[in-house]
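Trainee: Just so you know, the sequence shown maps onto residues -20 to -1, 1 to 128 in mature numbering (1 follows the signal peptide of the UniProt record, and there is no 0).
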Amino acid sequence: MAQKFILFIAITFFPAIVLATNYIVGDEMGWTVGVSYEDWAEGKTFFVGDTITFNYHQGQHNVVKVDGKGFQSCQEEPNNGILTTGADAITLATPGNKWYICSFGYHCESGQKLKITVYDSMAPIPTPTPPPAPMPWPIPEPAPSPWY
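1) Can you tell me where the beta strand (DSSP E) holding Ala21 begins and where it ends?
2) Run through DSSP, which three-state label would Lys24 get?
3) Does Ala67 get closer than 8 Å to chain D when you measure Cβ to Cβ?
4) Tell me, to the nearest whole angstrom, how far the beta carbon of Phe26 is from that of Leu72; I am working on the premise that it is less than 8 Å.
5) Could I get the ranges of all uninterrupted beta strand (DSSP E) runs contained in the segment 31 to 88, with 3 residues as the minimum, in chain order?
6) When the Cα of Asp100 is compared with those of Val15, Asn2, Val28 and Lys24, which residue comes out closest?
7) Only counting the same chain, and skipping five residues up and downstream in sequence, which positions put a Cβ closer than 6 Å to that of Ala(-1)?
8) Expressed to the nearest angstrom, what Euclidean distance is found between the alpha-carbon atoms of residue 139 and Ile32?
9) For the beta strand (DSSP E) that contains Leu(-2), what are its first and last residues?
10) So is Lys78 buried or exposed if we call it buried at 16+ other beta carbons inside 10 Å?
11) Does the Cβ-Cβ distance between Phe51 and Lys95 come in under 8 Å?
What follows is the structure, given as structure tokens:
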């Protein structure tokens, strides 16, 4: 009985750890100016426990976590920390929207910024609700029969 319980716990809680994915931001292009990170993120589903890695030439770029307002205005927030190693790995620890920018020069304004949505690994991914089927209106009534 105890073995079944342990197996149940392992099956229930370990898939998030085992199935965690490491995404290289920008794939082979990395984190640089001239890449559409919106296009890169499209079609990817990020979960708590996944890692995103920003690869770039150290001293030419950086990674700054910002909020939605900072993302839109390309403004870094005080005390948020700036990552500068050239191979910055961030483990996605909480669900929700995440925003990252490069604060070098006008890199953010030139499109070097990333917005992703992170889903809880235990929750199902929301799917769009299809529109209801159109109702035939009005429903025609049969005509009276001349045979009565």
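Beta carbons: idealized from backbone N, C-alpha and C, even for Gly.
Mentor: According to the structure data:
1) The residue labelled residue 21 in the question sits at position 41 within the sequence shown. Premise fails: Ala21 lies in the alpha helix (DSSP H), Tyr17 to Ala21, not in any beta strand (DSSP E).
2) Counting from 1 along the sequence shown, the entry for residue 24 is found at position 44. DSSP places Lys24 in coil when its eight states are reduced to three.
3) Within the model displayed, chain D is absent; a lone protein chain is all it includes.
4) To locate residue 26, count along the sequence shown from 1; it is residue 46. To locate residue 72, count along the sequence shown from 1; it is residue 92. 6 Å between Cβ atoms; contact.
5) 31 to 35, 43 to 46, 67 to 71 and 76 to 81
6) For this step, residue 100 is matched to residue 120 along the sequence shown. The residue with the shortest Cα to Cα distance from Asp100 is Val28.
7) Position 20 of the sequence shown holds residue -1. The residues are Gly29 and Asp30.
8) Here the chain comprises residues numbered -20 to 128, so residue 139 is not present and cannot be evaluated.
9) Working through the sequence shown from its first residue, we reach residue -2 at position 19. No beta strand (DSSP E) contains Leu(-2), which DSSP labels as neither H nor E.
10) The residue labelled residue 78 in the question sits at position 98 within the sequence shown. Buried, since its Cβ has 16 or more Cβ neighbours within 10 Å.
11) On the sequence shown, position 71 is the one that residue 51 refers to. On the sequence shown, position 115 is the one that residue 95 refers to. Contact: yes.
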